[in-house]
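Residue numbers (my numbering), protein chains in the order written: chain E, 690 to 803; chain S, 553 to 664.
In this text, a Cβ means the ideal position worked out from N, Cα and C, and glycines have one as well.
All values reported here derive from a predicted model rather than from experimental measurement.
Here the structure is laid out as structure tokens; the discussion comes afterwards.
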């Protein structure tokens, strides 16, 4: 069983909709990540939160809006997405500063934009 | 910039054969290297994590080696089974960096 839980598992939305992806972990990790993965490609980093503060934004379009309301929860708010945004969105967590520790990934949300 | 390469991109082996998957990286200034397994449409499952000071890690039928100076890691899977069919990704974590640099993966099919 994964220790990083993502909901929903699947999401289909129109280009004008607003939806949110949710990620939760209870391992006491203070770094949380969003990745985007297209088919047959490796994951691409989108955002990193460290101690609930945004520390890395990999020049992601503003139609993706991350939020970290507390140390266990990470959200990704979606608005006016494009068909090319259809992908698997992965959340991960790790310890901060303890670079020898692994990143733990969730099972992802499969997003389809109509 | 760290470049991570995995060869071969895809391979098929008969059940029972040993699997050898290769990962190379261009910058040896790394904290560690992590091997993941990914089933179609699923998330990443961490298999092994090798610290930069280590030479290898083992877990069951899996063994991963690391030669940091030459920028190489190898994942061995002994006596492969059809359930080992998946994509295997390696990722390196660079010094002072929260980012993982991923390879494109080895897509493995084990034929019964």
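Pairing residue 628 (chain S) with residue 584 (chain S) gives a Cβ-Cβ distance that is not under 9 angstroms. The criterion of a C-beta distance shorter than 9 angstroms is satisfied by residue 660 (chain S) and residue 562 (chain S). In the same chain as residue 700 (chain E), and ignoring 5 residues on each side of it, the C-beta atoms closer than 8 angstroms to its own belong to 708, 710, 798, 799, 800 and 801, in chain order. Interface with chain E (9 angstroms Cβ-Cβ cutoff): residue 598 (chain S) is included. Relative to the Cα of residue 645 (chain S), the nearest Cα in the group E:704, E:729 and E:734 belongs to E:734. In the DSSP assignment, residue 735 (chain E) falls within the beta strand (DSSP E) that extends over 733-739.
Spatial neighbours of residue 617 (chain S) in its own chain (CB-CB distance under 6 angstroms, excluding positions within 5 residues in sequence) are listed in chain order as 608 and 626. Collapsing the DSSP output to three states places residue 619 (chain S) in a strand. It is roughly 29 angstroms from the alpha-carbon of residue 565 (chain S) to the alpha-carbon of residue 791 (chain E). Against chain S, the beta carbon of residue 737 (chain E) has neighbours under 9 angstroms at 650 and 651, listed in chain order.
For residue 624 (chain S), there are no C-beta contacts with chain E under 7 angstroms, since the nearest C-beta of that chain is about 18 angstroms from it. For the pair residue 641 (chain S) and residue 590 (chain S), the CB atoms are nearer than the 9 angstroms cut-off.
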